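Chemist: Per our numbering, residue 233 is the first one in the first sequence, and the count goes up by one each step.
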Amino acid sequence: MSDTSTPKLDFIREIIADDLATGKHATTITRFPPEPNGYLHIGHAKSICLNFGIALENAGVGAKCHLRFDDTNPEKEETEYVESIKADVKWLGFDWGSDLYFASDYFAFFHDCAVHLIKEGKAYVETQSAEEMRASRGNLTTPGTPSPGRSRGVEENLDLFARMKAGEFKEGECVLRAKIDLASSNMNLRDPVLYRIMHSEHHNTGDAWCIYPMYDFAHPLEDALEHITHSLCTLEFENHRPLYDWFIENCPVPSKPRQIEFARLNLSYTIMSKRKLLELVQGGHVGGWNDPLLPTISGMRRRGYPPEAVVHFCKRVGITKFNGTTDVALLEFDIRDFLNHAAPRRMAVLDPVKVVLENWSAEPHATVEVPNHPQNPDMGDRHIPISNEVWIEREDFMEVPEKKFFRLGPDRYVRLKGANIIRCIGYEKDAEGKITLIRAELLPGTIGVDTPEGVVCKAAIHWVDVATGVDAEVRIYDRLFTEEDPDAAEGGFLSVINPDSLKTVTARIEPALAEVEPGFSCQFDRLGYFIADAIDHAPGTKPVFNRTVALKDSWVKKGGR
RNA sequence: AGCCUCAUAGUGUAAUGGUAACACCCCGGAUUCUGAUUCCGUUAUUCUAGGUUCGAAUCCUAGUGAGGCUACCA
233 MSDTSTPKLD FIREIIADDL ATGKHATTIT RFPPEPNGYL HIGHAKSICL NFGIALENAG
293 VGAKCHLRFD DTNPEKEETE YVESIKADVK WLGFDWGSDL YFASDYFAFF HDCAVHLIKE
353 GKAYVETQSA EEMRASRGNL TTPGTPSPGR SRGVEENLDL FARMKAGEFK EGECVLRAKI
413 DLASSNMNLR DPVLYRIMHS EHHNTGDAWC IYPMYDFAHP LEDALEHITH SLCTLEFENH
473 RPLYDWFIEN CPVPSKPRQI EFARLNLSYT IMSKRKLLEL VQGGHVGGWN DPLLPTISGM
533 RRRGYPPEAV VHFCKRVGIT KFNGTTDVAL LEFDIRDFLN HAAPRRMAVL DPVKVVLENW
593 SAEPHATVEV PNHPQNPDMG DRHIPISNEV WIEREDFMEV PEKKFFRLGP DRYVRLKGAN
653 IIRCIGYEKD AEGKITLIRA ELLPGTIGVD TPEGVVCKAA IHWVDVATGV DAEVRIYDRL
713 FTEEDPDAAE GGFLSVINPD SLKTVTARIE PALAEVEPGF SCQFDRLGYF IADAIDHAPG
773 TKPVFNRTVA LKDSWVKKGG R
């Protein structure tokens, strides 16, 4: 396969290509191994795209990517999370085929490996408390000291471990430790815990077990068992690699996977900590894990983000070991870019002012025909009703127009998008000076034709017919959950939520919008991108729209640049 | 403090000892029935100091800065 335009390979893909070229591996098997203790977020999307992407790219040699739930801690894991994770991976467009696994299905194997280590004199039962262990482990500069249990004989360890498994001990009474090196400069090697006692119900294995393996012990064994060739994880596991390799070397495993670390995704102004997201959900600060406010995959889905755009973004940020922070502007670009091509256009008015067309009878008509997409005629046209009264956006009218303002003002012209050019011939204000009504006249014969000679009309604005326009709830989202908001008060992350940002406004929308299907995205903002997604509404009821991508200027500048 | 890892425009990522580049962002201009899109253009980059070499972003040493590690979480 000669490819003149060889795509640039990141360092991981290079390693994999090498292993294939040198014959070290005949194929490549990766895995995405989430713990089902929460919903996936944009950071996980990067890992999903990496692992499943590599499998896809090497499909020619039978490469695969497993979906494996790393469920070794029954206290934090739930079936709800398993289902949401599957749905999110699918939504991103990836398929694990028949390769769906649970670490909990390997509990017997982990146990056998533990017994093997004990027999080899490489593991022992520890009866010190967690506090005592912490103390005897030493610290960054001083080596640890052996506990009495470290010199226990094999038979006694075997017996104690069997009794641990049989449920004879309470939680915390004892653990199984590997006997490695108490003086290692790598703390992970100072006799790490292999098994702890937990008398709790497991979402998959129920009460079959009361001892559960630790991540460091279980993960390499899971990988080896599944013949994973390249086990890709994030940078914080770098110091765990020697331990990973130690288990591979010292346990009876069927293959030798290699762990490779890459930098996790950090996005500016975005909270990506599972712990904090959990706190937001459990504290009732958001409507759930799939609240469009959150950077979860399900939240992005409800925002109307196209999955292809998210995947494209993940590819574009690349894979390195550099621990940086990606500007959300990169994500937003991909979202806008995909939506721009795919989203049909609709009109909506959020902050309405009524315009009365005084000479309505000059050109009587009931509907106008408007294209669904400005550049793509294949998307067709729609007919929308119009009468002598329409709503327009308050900010599309200026009593005293500033320079470079091209829309409506006294005695000025503007086009009602898809319909006539109108001229403002008067307006009314209330006591506070707020515009309450605009009087205008339409220019007959200006539908679908260029601006007539002698008329200055440089803009086309959104409008909605007063008689037939439909009301809909429009939720407006800014990027609320930020840890870097300069205006945020000090303290917990909750202080950075801007309570004013979650607004619900009643917008006037064109009737065509009231009939859209759930999941429909469209653009209806004149100024920037303003994508609506009809979410979760039953047929026949009014859709709820959420604004998904902030206007170019409105938010980012506030972030201080 | 010890060990491990990382460092290229504002941001992310290329360049694999041979002319430092791409995308985003920003700014300016043209077009536009969305102040969108599209098109054109501008600014700006190898952390520091030594060394190896004809030649260093790349290799070596030291320094600086950032991240990780002292869980019976993953």
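All C-beta atoms in this analysis are idealised placements derived from N, C-alpha and C, irrespective of residue type, glycine included.
Source: prediction; values computed, not measured.
Roughly how many whole angstroms lie between the Cα atoms of V600 and A744?
Modeler: Their Cα atoms are separated by approximately 12 Å.
Chemist: Determine the DSSP secondary structure at A580, reduced to helix, strand or coil.
Modeler: Here A580 sits in strand by DSSP.
Chemist: Roughly how many whole angstroms lie between the Cα atoms of V465 and E493?
Modeler: First, the amino acid is wrong: residue 465 is Cys here, not Val. If I take the Cα positions, the gap works out to 5 Å.
Chemist: For P584, collect the residues of the same chain with a Cβ closer than 6 Å to its Cβ; drop the 5 residues on either side in sequence, then sort them by chain order.
Modeler: For P584, where only same-chain residues beyond five positions count, the Cβ hits under 6 Å are W623, R740.
Chemist: In this structure, what does DSSP give as the bridge partners for K586?
Modeler: Answer is W623, L669.
Chemist: Among the residues of its own chain, which have a CB less than 6 Å from the CB of D566, if the five just before and after it don't count?
Modeler: Excluding sequence neighbours, D566 sits near A541, H544, F545.
Chemist: Rounded to the nearest angstrom, what separates S416 and Q491 at their Cα positions?
Modeler: Rounded to whole angstroms, S416 to Q491 spans 20 Å at the Cα level.
Chemist: Let me know the secondary structure DSSP gives V696 once reduced to three states.
Modeler: V696 falls in the strand class under three-state DSSP.
Chemist: I need the straight-line Cα distance from N620 to R626, nearest angstrom please.
Modeler: Roughly 18 Å separates the two Cα atoms.
Chemist: Between the alpha carbons of V347 and R496, how many angstroms are there, rounded?
Modeler: Looking at the two C-alpha atoms, the distance is approximately 35 Å.
Chemist: With distances taken between CB atoms, is the gap from N418 to P474 smaller than 7 Å?
Modeler: In contact: N418 and P474 (Cβ atoms closer than 7 Å).
Chemist: S316 lies in the alpha helix (DSSP H); which residues open and close that run?
Modeler: Run containing S316: 311-323, per the alpha helix (DSSP H) assignment.
Chemist: Do you know how far the Cα of E309 is from the Cα of I248?
Modeler: Rounded to whole angstroms, I248 to E309 spans 32 Å at the Cα level.
Chemist: Would a C-beta distance cut-off of 7 Å place V321 and I261 closer than the cut-off?
Modeler: No. Outside cutoff.
Chemist: Comparing C-alpha positions only, which one of F339, Y447, R507, P378 sits nearest to T437?
Modeler: Of F339, Y447, R507, P378, the residue nearest in Cα terms is F339.
Chemist: If you measure between the beta carbons of Y476 and P452, is that distance less than 7 Å?
Modeler: For Y476 and P452, yes; Cβs fall inside 7 Å.
Chemist: According to DSSP, simplified to helix, strand and coil, what is C689?
Modeler: Here C689 sits in coil by DSSP.
Chemist: Check whether the Cβ atoms of H850 and C442 lie closer than 7 Å to each other.
Modeler: The requested residue 850 is not part of the displayed model; the chain covers only 233 to 793.
Chemist: May I have the straight-line CA-CA distance separating M365 from V357, to the nearest angstrom?
Modeler: So the alpha carbons of these two residues sit roughly 12 Å apart.
Chemist: Suppose contacts are defined by Cβ-Cβ distances below 7 Å. Is D703 in contact with T738 by that definition?
Modeler: For D703 and T738, yes; Cβs fall inside 7 Å.
Chemist: Between T552 and D242, which are expected to be in contact by the criterion C-beta below 8 Å, what is the C-beta distance as a whole number of angstroms?
Modeler: Sure, about 7 Å apart at Cβ, within 8 Å.
Chemist: Give me the Cβ distance between S753 and L582, rounded to the nearest whole Å; I'm assuming they're in contact under 8 Å.
Modeler: So it is not a contact: roughly 17 Å between Cβ atoms.
Chemist: Cβ atoms of V560 and L499: under 7 Å apart, would you say?
Modeler: Going by C-beta atoms, L499 is nearer than 7 Å to V560.
Chemist: Over what stretch of residues does the alpha helix (DSSP H) that includes V748 continue unbroken?
Modeler: From DSSP, V748 is part of no alpha helix (DSSP H); its letter is neither H nor E.
Chemist: Where H517 and P484 are concerned, what is the direct C-alpha to C-alpha distance, given to the nearest angstrom?
Modeler: The straight-line gap from Cα to Cα measures roughly 48 Å.
Chemist: Do P676 and H273 have their beta-carbon atoms positioned less than 7 Å apart in this structure?
Modeler: The answer is no: Cβ separation not under 7 Å.
Chemist: Using the rule of at least 16 other Cβ atoms within 10 Å of the residue's Cβ for burial, across every protein chain shown, is S463 buried or exposed?
Modeler: Buried: at least 16 other Cβ atoms inside 10 Å.
Chemist: Give a yes or no on whether the C-beta atoms belonging to D303 and P268 are separated by under 7 Å.
Modeler: Yes, the Cβ-Cβ distance between D303 and P268 is below 7 Å.
Chemist: Can H459 and M579 be called in contact, C-beta distance under 7 Å?
Modeler: Going by C-beta atoms, H459 is not nearer than 7 Å to M579.
Chemist: Hey, quick one: how far does the beta strand (DSSP E) through D613 stretch, first residue to last?
Modeler: Note, D613: beta strand (DSSP E), 613-617.
Chemist: Could you tell me which residues DSSP puts in a beta bridge with S219?
Modeler: Past the edges of the chain, shown from 233 to 793, lies residue 219, and the structure says nothing about it.
Chemist: Are the beta-carbon atoms belonging to G531 and P538 less than 7 Å from one another?
Modeler: Not closer than 7 Å, so no.
Chemist: Take the Cβ of Q755 as the centre, count every other Cβ of all protein chains shown within 10 Å, and call the residue buried at 16 or more, exposed below.
Modeler: It counts as buried.
Chemist: Under three-state DSSP, which class holds Q607?
Modeler: DSSP places Q607 in coil when its eight states are reduced to three.
Chemist: Below 8 Å, can you find three or more Cβ-Cβ pairs linking the region 653-670 to the region 603-618?
Modeler: With the cut-off at 8 Å, the region 653-670 and the region 603-618 do not touch.
Chemist: Considering only the alpha carbon of each residue, which of C297, L648, D643, A691 lies closest to I616?
Modeler: Ranking C297, L648, D643, A691 by Cα distance to I616 puts L648 first.
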